[in-house]
Amino acid sequence: MKTLLKPVFAAGLLLTASATAMIAAPAAAQQTAPGVGVVSLPAVIVNSDAYRVAEQQRPVTYKPQIDQANARRQQIAAQLQPLYTKLQADQQANVAQATLQQQAIAIQQIEQSGQAELQQITAPIQLSRAYVTEQIEEKLDEAVQAAAAKRGVSLILDASTGQVIYAAASYNMTQDVLSEINTLLPTVQLVPPQGWLPREMRERQAALQAAQAAQQGAAPAAAPATTPAQPTGR
């Protein structure tokens, strides 16, 4: 079960049409208990009570960052608009290509700088979303096992991996797992604790530290100094 329930999102959550369909399967079809179940883990996450409540709370909790990002985005757009207008006018006027290229480079630099600034402003928001998702992921394994026990299912496939070609509606256990996750984790903490990092970054840091420790342990020890042999004589 551990291999089935790896973290499903690295950054951001998108509910696909197939994931939505997994939730919308007829309740009557779910009453059959087959030996194999199919679950859309992304659908469970984004439809869970904990995730939806967090999504509703986040615009309030992080309103200062959202307002700051929107204001800065408008400022950047106002700064770029006359540059775009001038570039288009110069192109129509057949201005020298070198001049046009310089204008395009200036626009690109402003765009890249602005994007980096916006990412920095909204970083706490993205960190909050990753924190919420990870808390739910930690309970997925328990929720799947509980749902499987109630349905008498011995094998569950993850529909989000694309490995399922066809599954009858009676195999759909997404709603069962969703019910279990809502019971196990009705709410989650919205604001990460100080210094918290997403799992991927924690694992990367741990791997780097392990590699550094291995390199230090493999460093050859310095050869002890030897005293040259004294000549013997009468």
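Note that the sequence shown covers residues -21 to -1, 1 to 213 in mature numbering (1 follows the signal peptide of the UniProt record, and there is no 0). Cβ coordinates follow ideal geometry from the N, Cα and C atoms, glycine included. Keep in mind it's a predicted model, so treat the numbers as computed, not measured.
Per DSSP, residue 136 is one residue of the beta strand (DSSP E) stretching across 134 to 137.
Below 8 Å, too few C-beta pairs join the segment 76 to 87 and the segment 26 to 38 to call them touching: fewer than three.
Under the three-state reduction of DSSP, residue 17 is assigned to strand. Between residue 24 and residue 104, the gap from beta carbon to beta carbon reaches 7 Å or more. With distances taken between CA atoms, residue 89 lies nearest to 56 out of 79, 64, 101 and 56.
Proximity to residue 169 across 196, 185, 135 and 107 peaks at 107, based on C-alpha coordinates. Of the candidates 121, 152 and 128, 152 places its Cα closest to the Cα of residue 136. In the structure shown, residue 161 falls within a helical segment according to DSSP collapsed to helix, strand and coil. Between the segment 14 to 23 and the segment 119 to 138, the count of Cβ pairs shorter than 8 Å is three or higher; the stretches touch.
Scanning 172, 191 and 101 for the CA closest to the CA of residue 43 turns up 101. Around the beta-carbon of residue 33, 16 or more other beta-carbon atoms lie within 10 Å, marking it buried. The Cβ atoms of residue 126 and residue 156 lie closer than 7 Å to each other. Of the residues 176, 118, 149 and 150, the one whose Cα lies closest to the Cα of residue 165 is 118.
Between residue 70 and residue 79 the beta-carbon gap is near 6 Å, inside 8 Å, which marks them as a contact. For residue 189, the enclosing alpha helix (DSSP H) begins and ends at 178 to 197. In the displayed model, residue 151 falls within a strand according to three-state DSSP.
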